[in-house]
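To convert, count from 1 in the sequence shown and add 11; that's the working numbering. Don't be surprised by glycine CBs; every beta carbon is placed ideally from N, CA and C. From a predicted model like this one, the values you see are computed outputs, not experimental measurements. Here the structure comes first, spelled out in structure tokens, and everything after it is commentary.
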Amino acid sequence: MSFVTSATDVADLPATEAEVAVVGRSNVGKSSLINALANRKNLAHTSKTPGRTQLINLFALDNKSQTPTHAFVDLPGYGFANVPAKVQAAWQPMIEAYLTDRESLAMIMVLVDGAVGPTKLDVQMLEWLRSLALPHTVVATKHDKVKAAKRDARKKELAEGCRLETGDIVWTSASKAVGIEKLRDLTRLWLDLDS
Ligand code: GDP
12 MSFVTSATDV ADLPATEAEV AVVGRSNVGK SSLINALANR KNLAHTSKTP
62 GRTQLINLFA LDNKSQTPTH AFVDLPGYGF ANVPAKVQAA WQPMIEAYLT
112 DRESLAMIMV LVDGAVGPTK LDVQMLEWLR SLALPHTVVA TKHDKVKAAK
162 RDARKKELAE GCRLETGDIV WTSASKAVGI EKLRDLTRLW LDLDS
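So this is what it looks like as structure tokens:
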């Protein structure tokens, strides 16, 4: 995976044949997961500086990095604690425009913090995606932060919070490489790429 471009407007992104997008609230572990998927240390920047993450970042899955056919799209994290409501409000139309207008969008990964469970904003995002019948998969992050003895209960709870079955959710840990290979395989499947 390699970085291609950043944009604030979906119209400025290069056309692709198929792509997978990732959304999630800030601090959910989105950058860490993208880095783990790419097997790179600092491809996606962790969100210490909210400014950096207000852009739509497009990565190529193939090596034709300037004209990618298959891409991975990192959308700005929602719900930053220290960002003024006005700035926050500007992000929503940008994310919504991308999600509703992007023709090559094959799958949206909705990241939910596995240790915390779905927040109100996560549930709102899921409801909105359902209302538009946009293809999405819930990916739970930070699997390693949930104690082994509590995992089954947590998985059930998290699925209920998302109004899904436990088997619908992909559990991952960027730090312990849990579920990363599975998510890579799913990505190739969603993008209709041979493995
Ligand atoms: P982003 O804001 O969604 O891009 O989140 P980051 O990737 O910057 O991660 C937010 C925080 O969660 C950081 O302190 C990470 O070290 C931590 N984190 C991310 N993934 C994991 C994980 O799989 N396990 C644990 N224990 N911590 C994680």
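Any chance the CB of GLY90 is under 7 Å from a heavy atom of the ligand GDP? If you number the sequence shown from 1, residue 90 lands on position 79. Incorrect: GLY90 has no Cβ contact closer than 7 Å to the ligand GDP.
Nearest by alpha-carbon distance to GLY125: which of GLU30, ARG36, MET12, THR19 is it? Working through the sequence shown from its first residue, we reach residue 125 at position 114. Closest option to GLY125, Cα to Cα, is ARG36.
Counterpart residues of ARG36 in DSSP-defined beta bridges: Here residue 36 corresponds to residue number 25 of the sequence shown, with the count starting at 1. DSSP links ARG36 through a beta bridge to TYR89.
Given a cut-off of 8 Å on the beta-carbon distance, is the pair LEU72 and PHE83 in contact? Sequence index remark: in the sequence shown, residue 72 carries index 61 (1-based). Sequence index remark: in the sequence shown, residue 83 carries index 72 (1-based). Going by C-beta atoms, LEU72 is nearer than 8 Å to PHE83.
Quick check: does the Cβ of GLY128 come within less than 7 Å of any heavy atom belonging to the ligand GDP? As a working note, residue 128 is residue 117 in the sequence shown. For GLY128, the CB stays at least 7 Å from every heavy atom of the ligand GDP.
Considering only heavy atoms of the ligand GDP, does any lie closer than 7 Å to the CB of LYS193? The residue labelled residue 193 in the question sits at position 182 within the sequence shown. The answer is no for LYS193.
Around the Cβ of ARG165, are there at least 16 other Cβ atoms within 10 angstroms (buried) or fewer (exposed)? Counting from one through the sequence shown, the residue named residue 165 turns up at place 154. Answer is buried; the Cβ neighbour count reaches 16.
Continuous beta strand (DSSP E) stretch holding SER186: start and end: For the purposes of this step, residue 186 is identified with residue 175 of the sequence shown, where counting begins at 1. Element bounds for SER186: n/a, residue is neither H nor E.
LEU69 bridges to which residues according to DSSP? As a working mapping, residue 69 is identified with position 58 in the sequence shown. For LEU69, which the question treats as bridged, DSSP gives the partners THR16, VAL84.
Where does LEU44 sit, in a helix, a strand or coil, going by DSSP? On the sequence shown, position 33 is the one that residue 44 refers to. LEU44 falls in the helix class under three-state DSSP.
Can you list, in chain order, the stretches of the beta strand (DSSP E) that have 3 or more residues and sit fully within the stretch 90-127? For the stretch 90-127, whole beta strand (DSSP E) runs of length 3 or above, ordered along the chain, are 116-124.
Residue range of the unbroken alpha helix (DSSP H) whose run includes ALA164: If you number the sequence shown from 1, residue 164 lands on position 153. Per DSSP, ALA164 belongs to the alpha helix (DSSP H) from 162-172.
Would PRO146 be called buried (16 or more neighbouring beta carbons within 10 Å of its own) or exposed? The residue you call residue 146 lines up with position 135 of the sequence shown. That one is exposed.
Taking a contact to mean a Cβ-Cβ separation below 8 Å, would you say ALA117 touches GLU192 in this structure? Position 106 of the sequence shown, counted from the start, is the residue given in the question as residue 117. Position 181 of the sequence shown, counted from the start, is the residue given in the question as residue 192. Going by C-beta atoms, ALA117 is not nearer than 8 Å to GLU192.
Using CA atoms only, rank isn't needed, just tell me which of SER186, GLY190, ALA151 is closest to GLU171. Counted from its first residue, the sequence shown places residue 171 at position 160. Cα-wise, what sits closest to GLU171 is ALA151.
Please look up how many angstroms separate the CB atoms of VAL157 and VAL121, rounded, as I've assumed it's under 8 Å. One-based indexing of the sequence shown puts residue 157 at position 146. One-based indexing of the sequence shown puts residue 121 at position 110. Between VAL121 and VAL157 the Cβ distance is about 18 Å, and since that is not below 8 Å, they are no contact.
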